[in-house]
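Take a look at the structure set out below.
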Amino acid sequence: MKWIKPTRDFGDICPMYIGKFNYDKNIESSLVKIYEVEILYLKIKIAALGTYEIKLNGKRISDHVLAPGWTEKRLQIQEYNLLDELHELLKEGDNFLTITVGRGWYRSPLAGWRDDSRLDPRLSMPPAIAVEIEGSNFSSIDWKVTESPVRFSELYDGEHYDARYEIDFENCVLEDIEECEIPSFELVPQEVGCEILEQDRLFPSKIIITPTGETVIDFGQNITGYVEFHVNGKSGDEVEISFAETLDKDGNFYTENYRSAKSKLYYICKDGEQSYKPKLTFFGFRYIRLDKFPTTPKPEDFTAIVIHSKMERTGWINSSNPLLNSFFENVIWGQKGNFLDIPTDCPQRDERLGWTGDAQVFIKTAAYNFDVRNFFNKWLKDLALAQLPNGLVPHVVPDCQKGEGGSAAWADAAVIIPWELYMIYGDPDILKQQWDSMEKWQNYITNHTEDQYLWTGGKHFGDWLSLELPPPTVPDIRRGATRHNFLATAFYANTTNLLIKAGKVIGKDVSEYETLYPKIVQAFGERFTDYRTQTEYILALHFDLVENPQEVADSLAEKIASDGYCLKTGFVGTPYILHVLSRYNHTALAYTLLLRDDYPSWLYPVTKGATTIWERWDSIKPDGSFQTANMNSFNHYAYGAVADWIYGVAGGISPLEPGFGKAKIEPHPDLRLGWLSTRIDIAVGSDSCYKPIISKWEYIDNQIRYDITTPVPAEIIIQGKTYDVSAGGYCFFSDV
Ligand code: BGC
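Residue numbering for the sequence shown follows the numbering used here, starting at 92 and increasing by one per position.
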């Protein structure tokens with residue numbers, strides 16, 4: 092494909108490429124024949140350095156938004172096939188194909204908090220495109236370029252649109268294009284099933300005048316997407332909209348936690364009725380503030396549009412507890428808001444990056460909630476491409492932090508995510524695809540540790556954002572008190588163990604790792620003879636690194652009690668805490684933690700009005716003030732990872748064989764919850780049709796009733812008694 096660009100620098104202004112072609116409906120000979128029927132068709136292949144919008148005669152030709160998405164060292168080519176739609180879109184005579192290109196992920200300053208982000212050479216790459224067109228009845232296309240009405244569009248800072256520049260194709264000033272070279276990207280076809288789409292539309296729940304007198308619209312839900320507005324304006328009237336996730340305790344608009352991301356939508360009107368929604372960027376928000384709006388705003392003039400990557404919903408949780416139900420809805424919204432071509436940490440501040448650790452801790456919950464096979468298949472390819480030759484996995488994928496990486500529990504995403512995907516979906520191809528990357532990462536640890544059989548040295552995030560604080564000598568309290576060598580060695584053991592299991596599934600020689608693994612476990616036991624934080628107990632237990640697990644689990648239970656039943660865990664310990672408690676006969680304590688709604692707990696944010704998962708246990712403190720603005724996202728999914736315990740232990744649904752060839756359903760009821768219903772849809776049979784596994788239990792009088800539906804053979808375990816059943820619906824009772 093040949094790349095083209097404008098012959099001059101457009102600066103911030105987004106170019107609009109205009110391809111003019113002639114259509115003559117009388118030329119019969121060039122129609123293609125499909126099954127002897129003559130079909131009018133147009134096939135367009137496009138690659139662009141930045142997000143783009145493509146239209147034919149002023150109408151969008153695809154639902155795919157923010158194409159080409161974001162990939163590492165490769166750039167996806169989208170292919171649009173127009174058949175039936177063409178009759179509507181085409182005109183006899185001159186037709187115009189237009190492509191407007193924003194900075195998107197390829198030319199925006201990324202990792203915005205870094206001093207060097209605005210010096211990144213990527214920013215001065217041209218807004219180039221490459222297009223190939225094939226079709227019936229078309230003359231060749233003549234490409235020109237012009238300034239589009241999008242005067243600025245960038246990921247963190249937002250979009251400016253001036254409707255006065257809307258183009259009259261017949262009479263506008265067109266400029267020449269020139270061919271150019273775009274090195275360093277491999278062009279690849281769009282990954283199947285990974286497109287970002289507009290998924291939902293939300294309407295204002297209210298228009299507020301805040302105590303400081305600002306006009307704010309509340310959409311009632313923190314989302315990722317953009318706003319569409321309607322206005323009757325005069326040429327030159329201005330609309331300026333700011334975005335926020337929350338109001339402060341006085342009810343005022345709060346944007347400090349966006350850090351340097353300006354996140355603004357700025358629009359200049361033409362005359363008359365008009366509507367606009369951004370096309371080339373996105374925002375994370377629940378509230379918008381009308382900084383400028385030419386008329387009195389009416390709720391019906393505003394719509395929030397939710398966007399996320401294509402993924403089928405497969406998981407549902409419902410219970411007698413409204414706070415738990417809201418929490419679960421927040422988990423779902425957290426996933427929607429952060430599965431935007433890549434798994435991002437958050438969608439609002441000057442970050443929005445593919446943090447490996449966040450994706451790793453959430454993977455099981457993600458894969459129960461939605462079918463994420465395509466999504467992770469794509470991102471894991473990028474992870475492998477981003478890996479350095481020595482095996483180091485960058486902190487973020489795609490890597491926009493110049494190869495910084497190699498931290499425990501973050502880089503281990505390279506091994507944990509493929510393995511969990513295999514367990515849930517049962518497809519060994521993901522292990523085959525990732526094997527080299529998995530092995531390279533494990534080898535990296537072996538080659539970089541300071542002490543053999545342990546993982547010492549290196550730079551780690553620790554138990555990120557844990558409430559157990561390090562001694563005052565440690566400058567960054569966000570890294571928690573869990574010893575880094577402890578945490579890293581635990582992950583080294585786990586990664587080696589998973590590598591052995593994965594290698595066996597796909598027929599690799601893993602004897603070297605089988606020799607190594609017990610040595611790591613032994614060295615861990617010799618070096619770490621005590622446990623100092625909740626997360627240290629949890630990791631040792633969850634990764635099977637202790638000889639006397641029941642005793643250690645009992646001590647963890649005591650520690651939690653002496654901590655006042657408060658969660659102290661950060662990103663790393665949180666996903667496993669309830670698992671280790673229930674595995675070692677402390678299920679009642681697990682429920683105590685799950686159902687607690689005082690700070691710190693999973694349900695506490697719900698009591699403070701959260702509609703997504705917060706980055707911090709105390710993003711809003713009990714007194715209504717905020718955690719420090721430099722690390723306080725209200726849409727960070729990591730702590731939502733507890734949902735996998737609700738599906739897998741409370742509801743009791745888990746795969747007995749990879750991919751749920753056989754299911755294990757072992758519900759763990761608790762009177763304090765009264766009833767719980769969990770459902771996971773799994774792909775069954777040769778046509779991979781989704782069918783639900785449902786596990787529901789309810790306390791009725793002095794009994795517990797269990798209703799279980801399984802589309803595959805299952806081992807159902809009720810109060811310790813095992814029933815081997817075939818697909819079907821079953822009802823059991825047990826005494827309380
Ligand atoms: C991100 C996290 C990430 C972390 C690494 C933050 O800035 O938002 O979610 O995992 O850095 O410690």
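For each residue, glycine too, the CB sits at the ideal point set by N, CA and C.
Within the chosen limit of 7 Å, the ligand BGC reaches the beta carbon of H727 through at least one heavy atom.
In this structure, the C-beta of D449 approaches the ligand BGC to less than 7 Å from one of its heavy atoms. At a cut-off of 7 Å, the beta-carbon of E442 counts as near the ligand BGC: some heavy atom of the ligand is closer than that.
The Cβ atoms of V488 and L479 do not sit closer than 8 Å to each other.
Excluding its 5 nearest sequence neighbours in each direction, I807 has C-beta neighbours in its own chain below 7 Å: I756, I799, Y814, V816 and Y821, listed in chain order. The Cβ neighbour count for W204, taken over all protein chains shown within 10 Å, is under 16; the residue is labelled exposed.
Looking at F112, P274 and H178, the one whose alpha-carbon comes closest to that of R165 is P274. Exclusion of F823 from the 7 Å shell around the ligand BGC follows from its C-beta lying no nearer than that to any non-hydrogen atom of the ligand. Note that the C-beta distance between D527 and T586 is not below 8 Å. Taking C-beta separations shorter than 6 Å and ignoring five residues to either side along the sequence, the partners of P666 in its chain run V452 and A732, following chain order.
Between the alpha carbons of D709 and E605 lies a distance of about 43 Å. It is roughly 5 Å from the alpha-carbon of P804 to the alpha-carbon of K753.
Close CB contacts of N460 within its chain, under the 8 Å cut and outside five residues either way in sequence, are with R404, T405, G406, V422, I423, Q426 and A734 (chain order). The way I'd put it, the segment 257-277 doesn't touch the segment 380-395; fewer than three beta-carbon pairs between them come closer than 8 Å.
For L414, the closest C-alpha among the options G110, S779, D689 and A774 is that of D689. The criterion of a C-beta distance shorter than 8 Å is not satisfied by I591 and E511. D185 and G149 have their C-alpha atoms spaced approximately 13 Å apart. Rounded to the nearest whole angstrom, the CA to CA distance from N416 to I784 is 19 Å.
The Cβ atoms of S400 and F466 lie closer than 8 Å to each other.
At least one heavy atom of the ligand BGC lies less than 7 Å from the C-beta of D436.
If you look at K531, you'll find it in the alpha helix (DSSP H) that goes D520 to H539. Between the alpha carbons of S779 and Q281 lies a gap of roughly 22 Å. Looking at the DSSP output, A395 sits in a beta bridge with L293 and V318. By the 16-neighbour rule on beta-carbons within 10 angstroms, K472 is buried. CA-CA distance, G739 to W766, rounds to 16 Å.
Here DSSP, grouped into helix, strand and coil, assigns Y690 to coil. Remark: the shortest separation between the CB of F552 and any heavy atom of the ligand BGC falls under 7 Å. Taking C-beta separations shorter than 8 Å and ignoring five residues to either side along the sequence, the partners of F430 in its chain run H399, S400, M402, A457, F461, V463 and F466, following chain order. Scanning W196, H759, A139 and G226 for the CA closest to the CA of I168 turns up A139. Restricting attention to alpha helix (DSSP H) runs no shorter than 4 residues, the segment 566-646 encloses them at 575-596, 602-618 and 625-633, ordered along the chain.
Residue pairing from DSSP places Q794 in a beta bridge opposite I791 and D826. In terms of CA proximity to P159, E286 leads the group A681, A335 and E286. Taking a contact to require three or more Cβ pairs closer than 8 Å, the segment 184-199 and the segment 239-252 qualify as touching. For G448 against F552, the beta-carbon gap comes to about 7 Å, under 8 Å, which counts as contact. If you check the C-beta of W510 against the ligand BGC, you find no heavy atom less than 7 Å away.
With respect to I152, Y171 sits close: the two C-beta atoms are nearer than 8 Å.
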